[in-house]
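*Asks:* The opening residue of the sequence shown carries number 1 in the working numbering; numbering runs sequentially from there.
Heads up, the beta-carbon is just placed ideally off N, CA and C, and yes, glycines get one too.
Note that the coordinates shown come from a computational prediction; the quantities given were computed from them, not determined experimentally.
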Amino acid sequence: MGPHSPQAPGPDLFRPRLDEQINMKHPLVRLAGLIDWDEIHRTFGGHFSSGRGRPALSPRLVAGLLDLQHAFDASDEAVVGTWVGNPYWQFFTGETDLQTEAPVDPSSLTRWRKRVGEAGVETLLALTIEAARKAGIDQQDERGPRHRRHDRDAHGHCPMWHQPGSSLKGSFKCVHSLIDPG
Numbered sequence: 001m002g003p004h005s006p007q008a009p010g011p012d013l014f015r016p017r018l019d020e021q022i023n024m025k026h027p028l029v030r031l032a033g034l035i036d037w038d039e040i041h042r043t044f045g046g047h048f049s050s051g052r053g054r055p056a057l058s059p060r061l062v063a064g065l066l067d068l069q070h071a072f073d074a075s076d077e078a079v080v081g082t083w084v085g086n087p088y089w090q091f092f093t094g095e096t097d098l099q100t101e102a103p104v105d106p107s108s109l110t111r112w113r114k115r116v117g118e119a120g121v122e123t124l125l126a127l128t129i130e131a132a133r134k135a136g137i138d139q140q141d142e143r144g145p146r147h148r149r150h151d152r153d154a155h156g157h158c159p160m161w162h163q164p165g166s167s168l169k170g171s172f173k174c175v176h177s178l179i180d181p182g
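(1) Return the chain-ordered ranges of every alpha helix (DSSP H) run that is complete within the stretch 52-125 and spans a minimum of 4 residues.
(2) Quick check on the burial criterion: 16 or more other C-beta atoms within 10 angstroms. Buried or exposed for GLU95?
(3) In whole angstroms, give me the CA-to-CA distance for HIS26 and TRP89.
(4) Does the stretch 18-35 touch the stretch 103-121, meaning 3 or more C-beta pairs lie closer than 8 Å?
(5) Is the beta carbon of VAL79 less than 8 Å from the beta carbon of LEU61?
(6) Along the chain, where does the alpha helix (DSSP H) containing ARG42 start, and where does it finish?
(7) Does the beta-carbon distance from HIS70 to LEU125 come in below 8 Å?
(8) Can you tell me the Cα-Cα spacing of ALA193 and LEU65, whole angstroms?
(9) When you compare only the Cα positions, how much space is there between THR123 and LEU109?
(10) Tell me whether THR183 is buried or exposed, calling it buried when 16 or more other Cβ atoms sit within 10 Å of its Cβ.
(11) How many angstroms separate the CA atom of THR128 from the CA atom of ASP38?
(12) Does the distance from the CB of ALA135 to the CB of PHE91 come in under 8 Å?
(13) When we look at the beta-carbon of PRO103 and count the other beta-carbons within 10 Å, is it buried (16 or more) or exposed?
(14) Express the C-alpha separation of ASP105 and ASN23 in angstroms, rounding to a whole number.
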């Protein structure tokens, strides 16, 4: 059984959609709109198939959780726990309605990382970085969204993006330093 995509349920008059409740200019919302989720689904859909049991998870959900985990240097338990309480994280991973239950058991993220492998995780990070580059998210000035000063050079650029051979994980942290609430 292949991975399922988040399906938009019929309109619920008593339950507003996430996009009606959150700030659509929030950096995570903007970044979610720029990432090529269809490419992630095409590239990684085979890793998310299940031959038996319940339907496989959405590649966007798992990829989004792994992105957030790397961005915020969170443990499996912390990323899943924070996801439950953060509507922006839920929106980033493709949810359309506010969820109050964890989407996965935290221990399953380890299995998903093994399924996609190190190269797969690097590809996910590269797609996110590319989306941010296209949008110019790395070009924020002092008046832009919160960011950690030590993640940027004197010109406001992420130094990792401008060094040949720099790690994607370091670059990824620079992308998400713009959205880190801490």
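*Replies:* Working from what's here:
(1) 59-71, 76-85, 87-92
(2) The sequence position of residue 95 within the sequence shown is 95, counting from 1. GLU95 is buried by the Cβ-count criterion.
(3) Numbered from 1 along the sequence shown, position 26 holds the residue referred to as residue 26. Numbered from 1 along the sequence shown, position 89 holds the residue referred to as residue 89. So the two alpha carbons sit approximately 11 Å from each other.
(4) no
(5) Looking up residue 79 in the sequence shown gives position 79. Looking up residue 61 in the sequence shown gives position 61. The answer is no: Cβ separation not under 8 Å.
(6) Here residue 42 refers to the residue found at position 42 when the sequence shown is read from its first residue. Run containing ARG42: 37-44, per the alpha helix (DSSP H) assignment.
(7) Within the sequence shown, the letter at position 70 stands for residue 70. Within the sequence shown, the letter at position 125 stands for residue 125. HIS70 is a Cβ neighbour of LEU125, given a cutoff of 8 Å.
(8) Residue 193 lies beyond the stretch modelled for the chain, which goes from 1 to 182, so this question has no answer here.
(9) Numbered from its first residue, the sequence shown carries residue 123 at position 123. Numbered from its first residue, the sequence shown carries residue 109 at position 109. In a straight line, the C-alpha of THR123 is about 17 Å away from that of LEU109.
(10) Nothing can be reported for residue 183: it is not among the residues displayed for the chain, which extend from 1 to 182.
(11) Position 128 of the sequence shown, counted from the first residue, corresponds to residue 128. Position 38 of the sequence shown, counted from the first residue, corresponds to residue 38. Distance between the alpha carbons of THR128 and ASP38 is about 13 Å.
(12) To locate residue 135, count along the sequence shown from 1; it is residue 135. To locate residue 91, count along the sequence shown from 1; it is residue 91. At least 8 Å separates the beta-carbon of ALA135 from that of PHE91.
(13) Here residue 103 refers to the residue found at position 103 of the sequence shown. A residue is called buried once 16 or more other Cβ atoms fall within 10 Å of its Cβ, and PRO103 is buried on that count.
(14) Stepping through the sequence shown from its first residue, residue 23 is reached at position 23. Stepping through the sequence shown from its first residue, residue 105 is reached at position 105. One C-alpha to the other measures close to 28 Å.
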